[in-house]
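Written below as structure tokens is the structure these notes are about.
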Amino acid sequence: MSAKREMKLRRMPMPKQPPEKRIRNFEEVALGYMPEQAIAEAKRCLQCPKPFCKLGCPVWIDIPAFIDAIKQQNFDKAAEILRDKNNLPAITGRVCPQEDQCEKVCVLSKAGDPIAIGALERFVADYELKRGLKIPSVAKKTGKRVAVVGSGPAGLTVAGDLAKLGHDATIFEALHIPGGVLVYGIPEFRLPKEIVRAEVNYVKSLGVKIETNMIIGRITTIDELFENGFDAAFIGTGAGSPRFMGILGESLNGIYSANEFLVRAVLMKAYRFPEFDTPLKVGKRVGVIGGGNVAMDAARTALRLGSENVTVVYRRSETELPARLEEVKNAKEEGIEFRMLTNPVRFLGNDAGWVQKMECLRMQLGPPDESGRRRPIPIEDSNFTIEVDTAIVAIGQEPNPLIRQTTSNLQTDEEGYIIVDENFSTSKKGVWAGGDIVPGEATVIQAMGAGKRAAQDIDRYLRDQA
Amino acid sequence: MRIDDKGERIPLTISKSNPEEGTITVVCQEVGKTTRQLGMLREGDEVLDLVGPLGRPSEILKFGTVVIVGGGVGTAEAYPEACALKKAGNKIITIIGARSKDLLILEKEMEEVSDQIYIATDDGSKGHHGFVTDILVRLIEAHVKIDRVVAIGPTAMMRRVADITRPHQIKTTVSLNPIMLDATGMCGVCRVVVGGETKFACSDGPAFDAHLVDFNLLTARQRIYLEEEKSSLQKFEKRGQNLR
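So the protein sequences, as listed, match chains A and B. Taking numbering that gives the first Met the number 0, I'd label the letters of the first sequence as residues 0 to 465. Taking numbering that gives the first Met the number 0, I'd label the letters of the second sequence as residues 0 to 243.
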């Protein structure tokens with residue numbers, strides 16, 4: 000194979016902090032392309048007449064067009080194309096599972112590596128942030144007011160899009176900083192908070208108002224928001240309530256929900272204790288239960304906080320790991336151990352109530368379950384123990400009940416998720432919902448896709464009303 | 000409440016509110032760095048973040064005779080409950096206590112809202128020399144008809160109240176104070192076991208049936224960050240001395 004053809008097949012590698020260095024800091028792992036690297040990568044794009052990548056994007060970015068602009072070295076134009084559809088490109092360029100979306104359907108992947116669409120998106124977005132954001136022109140004010148509950152990816156997207164369409168959007172955020180999972184969940188080394196701040200400021204520059212420390216369902220309710228003059232509402236509160244396994248010893252000291260662990264480390268910056276007031280106790284031997292992105296984030300955070308040994312325990316096999324491939328790879332490079340087909344059955348502690356051991360069962364895979372993945376089946380009498388002084392339970396979340404308990408005529412399913420139609424409209428007139436509070440798993444970008452679709456539907460609804 | 004941009008989120012109880020003036024009254028004891036900082040604030044100073052009220056409202060019904068037991072700073076939380084229960088038509092017997100008389104709070108306010116009031120101090124500087132629970136035992140032994148007990152104070156006190164009322168089957172509620180972080184139901188650090196079920200004190204509580212609470216677990220979990228709490232306070236005080 001010629002060197003030139005070889006180059007065409009292989010993507011430009013993402014520059015990264017070396018593992019031995021990055022496990023000692025919280026700085027970003029991936030460093031981003033230099034301009035010449037981005038241009039070289041963009042040149043690999045075939046500019047397909049019928050681009051599949053575009054169909055794979057939940058927020059409908061004109062991917063071939065922005066890549067072509069990079070190739071032409073017109074980064075301003077590339078940025079404009081991205082912003083046209085995506086309010087948060089510096090975020091999605093970092094955390095989107097591109098390998099399951101746009102990059103999965105890239106024609107190049109048949110013979111070699113798909114175009115590094117995510118890395119290129121990040122390059123353009125970072126260029127734009129460095130240059131300074133231009134405030135786009137927004138449509139004429141309609142005088143319609145929309146309440147958005149939650150300032151995570153779904154809420155920021157729906158509010159930003161509605162503002163662009165001329166509506167008055169106010170986001171109510173329960174925590175003290177806007178961003179939702181982007182600020183309390185995804186660690187600094189994967190998504191610097193400075194980037195989130197910049198993207199939130201962009202959304203604000205569109206005219207969106209953000210009120211922090213506002214818990215809808217306690218301080219006021221959705222119904223009261225309508226009484227106070229809002230014409231529509233979007234619920235993007237996230238799932239919110241941590242799931243535990245319900246096994247013996249789960250409340251021993253040293254056992255965290257992933258939410259607690261990450262809220263301390265990421266939102267409250269416990270890694271800088273005592274400069275920051277919130278502490279986080281991490282031991283030498285950490286067990287992380289679960290196989291998603293949150294489990295990877297927790298494991299890698301524990302490592303950076305000084306743990307000597309971090310083991311991820313997952314009940315299915317590596318093929319079924321729901322985490323992004325890239326993050327599993329990063330975790331392995333950093334020395335995180337993986338124990339697949341393993342499921343904890345109880346925790347054992349010392350007299351003072353601190354966890355010491357995690358008793359597990361080995362599993363084998365049976366026929367596929369309702370999720371389509373092979374079902375894990377315990378192997379009898381295969382019990383063994385892993386010594387841990389810290390355990391992090393990262394097996395997902397359940398919906399926080401506050402909104403459903405305090406909102407009239409809002410239909411939820413038996414698990415408490417809000418039921419929506421294809422436009423993310425709920426059973427309650429004038430109310431939409433999206434992200435982790437509706438059934439089905441949602442990534443950052445899927446939540447944004449929901450926000451986008453909902454914004455269009457809300458716009459239609461408000462204009463019909465006028 | 001979060002005092003500044005490096006501060007932790009701490010749970011505090013609103014003991015009075017005045018919607019017309021837009022004010023709330025919060026009482027806290029200076030035990031750690033943040034509460035020490037709060038104690039240093041002067042009139043007109045600001046805190047960065049405040050969110051609430053959170054948690055479930057207390058159950059306020061006409062029970063008959065209610066004994067309110069308030070220990071230490073817990074009295075601040077017991078006070079609004081005593082007022083509401085009084086307004087609902089209950090006879091209120093209050094027992095408040097502290098380590099010594101200087102640490103007694105809201106004595107006058109409590110007296111005004113109560114039909115009877117008893118005071119206990121650990122050092123005997125005022126009222127009964129001993130614990131609030133001694134008085135509760137005495138009331139029960141004297142066959143005072145008690146329909147309900149509400150106990151708010153240190154965990155050891157609430158546990159003792161639960162132990163006293165359990166054999167007499169007097170329905171008792173306690174207001175639990177585990178470690179909290181976001182206090183919106185998101186993190187689960189405040190999990191407590193009540194009647195064998197895991198509950199979040201921040202969103203399911205703070206009030207629970209005292210006879211069903213696993214106090215051993217609560218006590219152990221309250222100790223998780225003792226070392227850090229101590230070192231943070233020491234560092235803060237040292238810095239204060241250096242500045243002086």
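No residue lacks a Cβ here, since even glycine has one placed at the ideal position from N, Cα and C.
Sequence-distant partners of A/GLN16 (beyond 5 residues in either direction) whose C-beta falls short of 6 Å from its own C-beta, in its chain, are VAL28. Approximately 13 Å separates the beta-carbon atoms of A/TYR126 and A/ALA197; this is outside 8 Å, ruling out the contact. Per the coordinates, the alpha-carbon of A/TYR201 lies some 43 Å from the alpha-carbon of B/GLN240.
Under the DSSP definition of a beta bridge, A/TYR255 partners with A/ILE391. In this structure, DSSP gives B/GLN115 an extended state, which the three-state scheme calls strand.
Every unbroken stretch of the beta strand (DSSP E) spanning 3 or more residues and falling wholly within the segment 48 to 110 of chain B is given here in chain order: 64 to 70 and 90 to 97. Taking all protein chains in view, the Cβ of A/ASP435 is crowded by 16 or more other Cβ atoms within 10 Å, so the residue is classified as buried. Take the alpha-carbon of B/THR171 and the one of A/THR425: they are about 41 Å apart. Boundaries of the alpha helix (DSSP H) harbouring A/VAL293: 292 to 303, taken from the DSSP string. Pairwise C-beta distances place the segment 172 to 184 of chain B in contact with the segment 141 to 159 of chain B, as three or more of them are shorter than 8 Å.
Residues of chain A whose Cβ lies closer than 8 Å to the Cβ of B/CYS201 do not exist, since the nearest Cβ in that chain is about 11 Å away. One finds PRO273 in chain A with Cβ atoms closer than 7 Å to the Cβ of B/SER230, taken in chain order. The criterion of a C-beta distance shorter than 8 Å is not satisfied by A/ARG372 and A/ARG314. The beta carbon of A/ARG345 sits no closer than 8 Å to any beta carbon of chain B.
For B/SER174, no alpha helix (DSSP H) run applies; the uninterrupted beta strand (DSSP E) run containing it begins and ends at 171 to 174, by DSSP. Inter-segment contact for the segment 227 to 235 of chain A and the segment 351 to 370 of chain A is absent: fewer than three beta-carbon pairs are separated by less than 8 Å. An exposed status is given to B/ASP122, since fewer than 16 other beta-carbon atoms sit within 10 Å of its beta-carbon.
Pairing A/THR389 with B/LEU138, the inter-Cα distance amounts to about 46 Å. Closer than 8 Å to the CB of A/LEU205 there is not a single CB belonging to chain B. Taking CB atoms only, B/ILE223 has a neighbour in chain A less than 8 Å away. Secondary-structure assignment with DSSP links A/SER424 through a beta bridge to A/TRP431. Counted as a single uninterrupted DSSP element, the stretch harbouring A/GLN72 is not any alpha helix (DSSP H), since DSSP gives it neither H nor E. Beta-bridge pairing by DSSP links A/GLN396 to A/PRO241. Chain B has no Cβ within less than 8 Å of the Cβ of A/GLY178.
Scanning A/ALA322, A/LYS163, A/SER150 and A/VAL437 for the CA closest to the CA of A/ALA173 turns up A/SER150.
Contact between B/LEU135 and B/VAL160 holds, with the beta-carbon distance rounding to 6 Å and staying under 8 Å. With a threshold of 16 other beta carbon atoms within 10 Å, A/ALA68 meets it and is buried.
With the criterion set as a beta carbon lying under 7 Å from some beta carbon of chain B, the members of the segment 238 to 267 of chain A are GLY239, SER240, PRO241, PHE243, SER250, ASN252, SER256, ASN258, GLU259, VAL262, ARG263 and MET267, in sequence order. Scanning the segment 82 to 151 of chain A for uninterrupted beta strand (DSSP E) segments of 3 residues or longer gives 144 to 148, listed from N- to C-terminal end.
Within the segment 370 to 397 of chain A, not one residue has a Cβ closer than 7 Å to any Cβ of chain B. When DSSP states are grouped into helix, strand and coil, A/PRO343 belongs to the strand group. Put simply, the backbone Cα of A/LEU401 is about 43 Å away from that of A/PRO50. Look at A/ARG217: its C-beta is under 8 Å from a C-beta on chain B. A check of alpha carbon separations from A/MET357 across A/PRO321, A/ILE417 and A/THR341 identifies A/THR341 as the nearest. When rounded, the separation of the alpha-carbon atoms in B/LYS85 and B/TYR78 is 11 Å. Taking CB atoms only, A/PRO191 has no neighbour in chain B less than 8 Å away.
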